[in-house]
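There are 2 protein chains.
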Amino acid sequence: MLPKRALAAFRSALGADRVFDDAATRALYASDETPRRVDPDAVLFPASHDQVAALMRVAFEHRVAVTPRGAGSGNVGGALPAPGSVVVSFECMRRVLEFNPVDRLVVVEPGVVTRDIDHLAREAGLFYPPDPGSGDYCRIGGNLAMNAAGPRAVKYGVTRDYALGLRAVTGRGEEIRTGCRTTKGVTGYDLTRLLVGSGGTLALITEATLKLLPAPESVATLRVCFADTRTALDAVARVMRQAVMPSALEFMDQRAIDAIRPTGTADDLPVGTRALLMVEADGTAAELPRQIAALEAALDGPGLLEAKSGFERDAIARLWAARKSLSHAVKQIAPLKINEDVVVPVSRLADFVDFLDHTARAQRLAVVSFGHAGNGNLHVNLMVHPDDADEMARAQRALEAIMQQVLALGGTLSGEHGIGTEKRRFVPQEIDAVTLELMRAIKRQFDPHGLLNPGKIFPD
Amino acid sequence: MLPKRALAAFRSALGADRVFDDAATRALYASDETPRRVDPDAVLFPASHDQVAALMRVAFEHRVAVTPRGAGSGNVGGALPAPGSVVVSFECMRRVLEFNPVDRLVVVEPGVVTRDIDHLAREAGLFYPPDPGSGDYCRIGGNLAMNAAGPRAVKYGVTRDYALGLRAVTGRGEEIRTGCRTTKGVTGYDLTRLLVGSGGTLALITEATLKLLPAPESVATLRVCFADTRTALDAVARVMRQAVMPSALEFMDQRAIDAIRPTGTADDLPVGTRALLMVEADGTAAELPRQIAALEAALDGPGLLEAKSGFERDAIARLWAARKSLSHAVKQIAPLKINEDVVVPVSRLADFVDFLDHTARAQRLAVVSFGHAGNGNLHVNLMVHPDDADEMARAQRALEAIMQQVLALGGTLSGEHGIGTEKRRFVPQEIDAVTLELMRAIKRQFDPHGLLNPGKIFPD
Chain A
1 MLPKRALAAF
11 RSALGADRVF
21 DDAATRALYA
31 SDETPRRVDP
41 DAVLFPASHD
51 QVAALMRVAF
61 EHRVAVTPRG
71 AGSGNVGGAL
81 PAPGSVVVSF
91 ECMRRVLEFN
101 PVDRLVVVEP
111 GVVTRDIDHL
121 AREAGLFYPP
131 DPGSGDYCRI
141 GGNLAMNAAG
151 PRAVKYGVTR
161 DYALGLRAVT
171 GRGEEIRTGC
181 RTTKGVTGYD
191 LTRLLVGSGG
201 TLALITEATL
211 KLLPAPESVA
221 TLRVCFADTR
231 TALDAVARVM
241 RQAVMPSALE
251 FMDQRAIDAI
261 RPTGTADDLP
271 VGTRALLMVE
281 ADGTAAELPR
291 QIAALEAALD
301 GPGLLEAKSG
311 FERDAIARLW
321 AARKSLSHAV
331 KQIAPLKINE
341 DVVVPVSRLA
351 DFVDFLDHTA
361 RAQRLAVVSF
371 GHAGNGNLHV
381 NLMVHPDDAD
391 EMARAQRALE
401 AIMQQVLALG
411 GTLSGEHGIG
421 TEKRRFVPQE
431 IDAVTLELMR
441 AIKRQFDPHG
451 LLNPGKIFPD
Chain B
1001 MLPKRALAAF
1011 RSALGADRVF
1021 DDAATRALYA
1031 SDETPRRVDP
1041 DAVLFPASHD
1051 QVAALMRVAF
1061 EHRVAVTPRG
1071 AGSGNVGGAL
1081 PAPGSVVVSF
1091 ECMRRVLEFN
1101 PVDRLVVVEP
1111 GVVTRDIDHL
1121 AREAGLFYPP
1131 DPGSGDYCRI
1141 GGNLAMNAAG
1151 PRAVKYGVTR
1161 DYALGLRAVT
1171 GRGEEIRTGC
1181 RTTKGVTGYD
1191 LTRLLVGSGG
1201 TLALITEATL
1211 KLLPAPESVA
1221 TLRVCFADTR
1231 TALDAVARVM
1241 RQAVMPSALE
1251 FMDQRAIDAI
1261 RPTGTADDLP
1271 VGTRALLMVE
1281 ADGTAAELPR
1291 QIAALEAALD
1301 GPGLLEAKSG
1311 FERDAIARLW
1321 AARKSLSHAV
1331 KQIAPLKINE
1341 DVVVPVSRLA
1351 DFVDFLDHTA
1361 RAQRLAVVSF
1371 GHAGNGNLHV
1381 NLMVHPDDAD
1391 EMARAQRALE
1401 AIMQQVLALG
1411 GTLSGEHGIG
1421 TEKRRFVPQE
1431 IDAVTLELMR
1441 AIKRQFDPHG
1451 LLNPGKIFPD
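Chains as they are written, first to last, in the working numbering: chain A, 1 to 460; chain B, 1001 to 1460.
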């Protein structure tokens, strides 16, 4: 348990109304979207950069581990409290410190909701491209920690590509500033992109300067039905080989389609549809028809049942709501979702999904796959019953085989969810021992006592 | 001087025909584009990753400093030999190890010429966006070390945005592998982007996996003349505020225009032209006219004298050749060019150039400015006579004032040339002491004996 002196020091640094150690609060902050729970020793709600620095100095002095947390919407245990740690929730740090449409940037605190940044930008004809499925409630601090992405990444890139500069607090409680306010800059090492994706293990981000882009005038959506998974993924590879870059290229397998049926958006699919692509293009209203024609031409091929365009704005919103509901909707299939966010080269997607089918059959498991196929990034969900020990064992065997295959195909363990607690045992299969030790050595420079989000990313 | 035993060990590791310590070779590798010379103790020409690892193990054992070098075309002394060091030239490592158009990537050794990557990609309808002015002869290893860019960065980003993964050798002679082969990946810390822009101070890059993009079908160029600098830069800010992203947005001041007159491309400029913009758009032939119209609308305003489009392919090539000749052509004005590659927010460009004019007058200096205005990235050249001690002193005073102003405007010391030896004394004005010490600490993890490109980036 947290020493009384440490608790008192946190209260003295932040004020008593920003430090809670009652059982109810601790239970509320015990988990993220993974099926694990660890009660933290206390939950802290700093209101400013200075308070974050102050609490970290207390943590450093008293050797208290810190678990940073945005909305707790992560999928890999990144915000799962380390035993004996205090959670630092950034919920109260949600100020927009600067909005500068002329230089196309915004400076925000980490507790700002991702979608709110996009909405603010749109008021000035700009937008914030990264659009994680949890965008309506996740916080930008969590997005930066995990290098979050979403459907638009296929055209616009990931959170890393929009972080110009950061203000942060190291594991010693010291302030650092990284990067710059301009779209180019090579002064010193790129600590901005080192912090982005580091899962809160190097520093606590307290301010982020984010790049914005001009908002596209119009968007058009294609819903494309295929007779089977393989032909759908071959079509993805064809789309990614030609010149018109879609602004989204999403895939759903048969089970994912079944999971969205309650939304009504799958009622009019052609008979025999076993795989679905959602393809989006953006640009000016004048050029969109040509883009859509090019995409339709690339999509055309074996297995194509229907490519439907011309949806109204409301219908498009319903399609996307259905797609974004998938992450939760699949839980109807079985109570526990083991969610793997893997990436393979686009040219190997079809082979990879064949392997998944084979593995699911061999281990008698329900597997649902969907995701950002244009980036080769699939969310592979093993749907299991946690009380069924035999099924859980088979799921673990499947997981091992899937990760091995991802790496054998030239892929990577995580595309946008990060490593957290859930994938760290696989990390040595992707990263060699020398490189991994270098990462640990870098961590020690930021956080010599290992207080920042311990138990994440690195294998034991 | 290099101990005989170290020289023998290098010869034993690489073969005698890859290690030279004769005076002529050492003199050839004594400088880059800066006006300084330091003869290295020897020059090494490794032919493979394994040879780089072998030579670095020798350097580690014998505590020999290493100066990595591509084409020596850098502007900041990044390849200037540290006293007592050996130059490692990557000229002989110029294999394309893999070209994979389907997954839009290429794997290259560091000695490959940048333009050759672009040419190879175009054979498959793709392109490699970063286009430094020295692209015809600079090497991709140097581009990665300095995070090189060029005109296309305004739309397509910089070298950092195209490096997917790296193979490299640390200061201990150990191999590391960073990143992945896919467009998304968040497994472990982002060492790829930590190495890019680190100027060869963290590791020697031996292989790079680079992302390619679909080549645009067509390009159109506007040459836009203004009555003065301020109105031209106000027009740049207007262009960057609207939705059509130019694929280049280059600025030349009066002296830069005069410097390209010998090329003949300035013969038909309207009388009274004192500032020039080159604005490019790319896309399909069908959509280009609309893009050009939008850009022309944004450019229109006070001071506009002429916006000329419809150049033939050859004329465009001549315009760009003239623009790219500037870096050398300005040397006609005075024998020494003190070249500053600074960045300010686009909205502050006009104020910054006003300040430059004021400073040039106050210090009685000839200053030539041109560059990538769409990114706020100007190449400010103080043209001086090195034998004129008073002028050199005034140039140093001007330089101090310019750097202070850049930072006061929210800019950064370098956009694409890097810090090298030339700007390191200014670094503490941009990067605070804690952050800078963290960078040094990171360097020690990669290179505990400080053997990799010493004397660069960090102030003494």
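All C-beta atoms in this analysis are idealised placements derived from N, C-alpha and C, irrespective of residue type, glycine included.
The DSSP-derived three-state label of B/P1068 is strand. Contact check for A/S85 and A/D41: beta-carbon distance about 7 Å, within the 8 Å limit, so the pair qualifies. Between B/G1157 and chain A, the shortest Cβ-Cβ separation is below 9 Å. Each of A/A350, A/E61, A/T25 and A/L166 was checked against the Cα of A/A13, and the nearest Cα belongs to A/E61. For chain A, the residues of the stretch 1217-1233 of chain B that bring a beta carbon within less than 9 Å of one of its beta carbons are E1217, in chain order. In its chain, beyond the 5 residues on either side, G133 have a beta carbon closer than 7 Å to the beta carbon of A/S327. Residue state for B/E1430 is assigned as helix, using DSSP reduced to three classes. In the DSSP assignment, B/T1178 falls within the beta strand (DSSP E) that extends over E1175 to G1179. Annotation: A/P289 to B/Q1404 spans about 50 Å, alpha carbon to alpha carbon. Counting only the Cα atoms, A/E217 lies some 30 Å from B/F1226. Cβ neighbours of A/V236 within its own chain (closer than 8 Å, five residues either side excluded): L249, F251, L277, V346, L349, A373 and G374. For A/N143, none of the residues of chain B pass the 7 Å Cβ criterion, the least Cβ distance being about 11 Å. Straight-line measurement puts the Cα of A/H119 at about 23 Å from the Cα of A/A47.
Non-local C-beta neighbours of B/K1443 in its own chain, meaning closer than 7 Å and more than five positions away in sequence, comprise T1201 and L1202, ordered along the chain.
The beta carbon of A/V236 does not come within 9 Å of any beta carbon belonging to chain B, so the residue lies off that interface.
At least one C-beta of chain A is nearer than 9 Å to the C-beta of B/D1161.
Among the bridge pairs identified by DSSP, B/G1371 is matched with B/F1251 and B/L1378.
Per the coordinates, the alpha-carbon of A/R18 lies some 14 Å from the alpha-carbon of A/D50.
By the neighbour-count definition (other C-beta atoms within 10 Å, threshold 16), A/Q242 is an exposed residue.
Below 8 Å, enough C-beta pairs join the stretch 1147-1164 of chain B and the stretch 1404-1423 of chain B to call them touching: three or more. Residue-level contact check: A/H119 does not touch chain B, since none of the beta carbons of chain B fall below 9 Å from its beta carbon. Boundaries of the alpha helix (DSSP H) around B/E1391: A1389 to A1408. At a cut-off of 9 Å between beta-carbon atoms, A/I205 makes no contact with chain B. Counting C-beta atoms within 10 angstroms of its own C-beta, B/K1211 has 16 or more neighbours from the protein chains shown and is therefore classed as buried. Using beta-carbon distances, A/L194 counts as an interface residue toward chain B, with a partner under 9 Å. Contact annotation for B/R1181 against chain A: P345 and G410 [CB-CB distance below 7 Å, chain order].
In the DSSP assignment, A/M146 falls within the unbroken alpha helix (DSSP H) covering I140 to M146. The stretch 1362-1373 of chain B makes contact with the stretch 1146-1153 of chain B, as at least three CB pairs between them are under 8 Å. Using a Cβ distance threshold of 9 Å, B/V1043 and B/F1020 count as a contacting pair. With a threshold of 9 Å between beta carbons, A/E430 makes contact with chain B.
Against chain B, a Cβ distance below 9 Å from A/A286 picks out E1287 and R1290.
Note on geometry: alpha-carbon atoms of A/A23 and A/R57 lie some 25 Å from one another. The DSSP-derived three-state label of B/F1352 is helix. B/E1416 belongs to the set of residues whose beta carbon lies under 9 Å from a beta carbon in chain A. Per DSSP, B/T1206 is not a residue of any alpha helix (DSSP H); the beta strand (DSSP E) it occupies stretches across A1203 to K1211.
Put simply, of A/G74, A/F458, A/T435 and A/R115 the residue whose alpha carbon is nearest the alpha carbon of B/L1191 is A/T435.
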